[in-house]
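Count along the sequence shown starting at 1, add 57, and that's the number in my numbering.
What follows is a single structure, written as structure tokens, with notes after it.
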Amino acid sequence: MPELPEVETVRNTLKHLVVGEEIIDVDILYERIIKHPMVALFKKQIKGEQIQDVLRYGKYLIFKLTNGFLISHLRMEGKYFLKTNEPLEKHEHIIFHLKSGKTLRYHDVRKFGTMHLYLNLSYEELLKTEPLGKLGVEPFSSDLTLAYLKEKFKTRKQTIKQLLLDQEIIVGIGNIYANEILFMAKIHPQKLGKLLTDEEISKIIKYTKVVLEKAISLGGTTIRSYSSSGISGLFQNELLVHTKEKCPVCGRDLKNIKIGGRSTYYCENCQKE
Ligand SMILES: [Zn+2]
58 MPELPEVETV RNTLKHLVVG EEIIDVDILY ERIIKHPMVA LFKKQIKGEQ IQDVLRYGKY
118 LIFKLTNGFL ISHLRMEGKY FLKTNEPLEK HEHIIFHLKS GKTLRYHDVR KFGTMHLYLN
178 LSYEELLKTE PLGKLGVEPF SSDLTLAYLK EKFKTRKQTI KQLLLDQEII VGIGNIYANE
238 ILFMAKIHPQ KLGKLLTDEE ISKIIKYTKV VLEKAISLGG TTIRSYSSSG ISGLFQNELL
298 VHTKEKCPVC GRDLKNIKIG GRSTYYCENC QKE
């Protein structure tokens with residue numbers, strides 16, 4: 058699954074390819090990807106819209122259009138390709154025809170991706186609307202503070218590992234990055250979020266930014282099937298604990314357990330309970 062750094066890489070790539078392009082028509086070959094509005098209205102509304110920018114909120118891509126926004130979530134396997142008149146490929150489900158003669162194609166083997174189109178609302182209103190409305194703060198925003206996390210953690214019964222993955226608290230931290238953040242912050246992944254000290258929460262904020270910034274600068278992580286339009290990330294070469302056997306700090310064997318069904322790597326010696 059693409060996580061925040063991979064989506065940021067896709068955003069950057071797409072931005073250079075499609076900003077300024079006008080959408081003159083769209084073919085929708087798998088209708089369930091379109092979540093808002095109804096398919097017929099979606100087709101009608103998007104015609105004539107120009108792509109002015111490509112933004113990101115958490116793992117959502119947001120195409121800023123002349124009169125609104127197209128929100129796209131890649132979920133497990135979604136990818137975009139910019140083509141001309143090459144024959145259609147099997148998993149290309151949504152085809153945007155652009156005025157330049159090119160086509161922007163949404164390719165999704167698993168078909169779990171989603172698109173929401175909203176016209177005539179501001180960006181602030183968009184952030185309060187489905188599917189963005191319930192999401193927590195962006196890791197790089199000044200809204201991610203000690204006070205904010207203390208408030209969010211104090212009533213929860215989950216471990217810090219689970220809370221870091223909760224998109225209603227912070228958006229865009231996936232499993233790989235949560236393992237790395239907790240290792241750098243020297244916090245045991247099974248510690249309850251509400252028991253963290255101020256110092257520990259501050260370290261989480263610090264290392265969330267450090268880990269995600271580094272991953273973005275390296276184009277994300279390519280593990281198994283995911284790559285963004287042919288670009289492979291390099292962050293997997295920099296992983297400290299995720300999928301590793303030995304602690305890079307003390308040299309002991311790392312533990313690999315499941316927390317909330319997700320594979321969790323940590324060092325018992327460096328991340329004491
Ligand atoms: Zn260690």
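Even glycine gets a Cβ: it sits at the ideal position worked out from N, Cα and C.
Worksheet entry | DSSP-derived helix/strand/coil call for residue 24 | Lying outside 58 to 330, the shown extent of the chain, residue 24 is not represented and no answer is given.
Worksheet item: What's the gap between the Cα of residue 322 and the Cα of residue 131?
Response: 26 Å
Worksheet item: Would the C-beta of residue 326 count as close to ligand 1, meaning under 7 Å from any of its heavy atoms?
Response: yes
Item to complete: With residue 255 as the anchor, note down where its beta strand (DSSP E) starts and where it stops.
Response: Counting along the chain, residue 255 falls outside any beta strand (DSSP E), though it belongs to the alpha helix (DSSP H) covering 255 to 274.
Fill in: Straight-line Cα distance separating residue 240 from residue 71
Approximately 33 Å, taken between the alpha carbons.
Worksheet item: For residue 118, which residues of its own chain have a beta-carbon under 8 Å away from its beta-carbon, when the five flanking residues on both sides are left out?
Response: 64, 67, 68, 71, 111, 112, 128, 129, 130, 131
Discussion item. Please report the straight-line C-alpha distance between residue 269 and residue 256, rounded to a whole angstrom.
Written reply: 20 Å
Worksheet item: Which residue spans inside the segment 148 to 212 form an unbroken alpha helix (DSSP H) run of at least 4?
Response: 180 to 183, 203 to 210, all fully within the segment 148 to 212.
Item to complete: Throw me the rounded Cβ distance for the residue 83 and residue 153 pair, which I believe falls under 8 Å.
Response: 5 Å
Practice prompt. Starting from residue 121, trace the beta strand (DSSP E) both ways and give me its first and last residue.
Written response: 117 to 122
Worksheet item: Does any heavy atom of ligand 1 sit closer than 7 Å to the C-beta of residue 306?
Response: yes
Worksheet entry | Residues bridged to residue 125 (per DSSP) | According to DSSP, which records beta bridges pairwise, residue 125 is partnered with 122, 176.
Worksheet entry | Rounded distance between the beta-carbons of residue 247 and residue 211, thought under 8 Å | Rounded, the Cβ-Cβ distance is 18 Å, inconsistent with contact.
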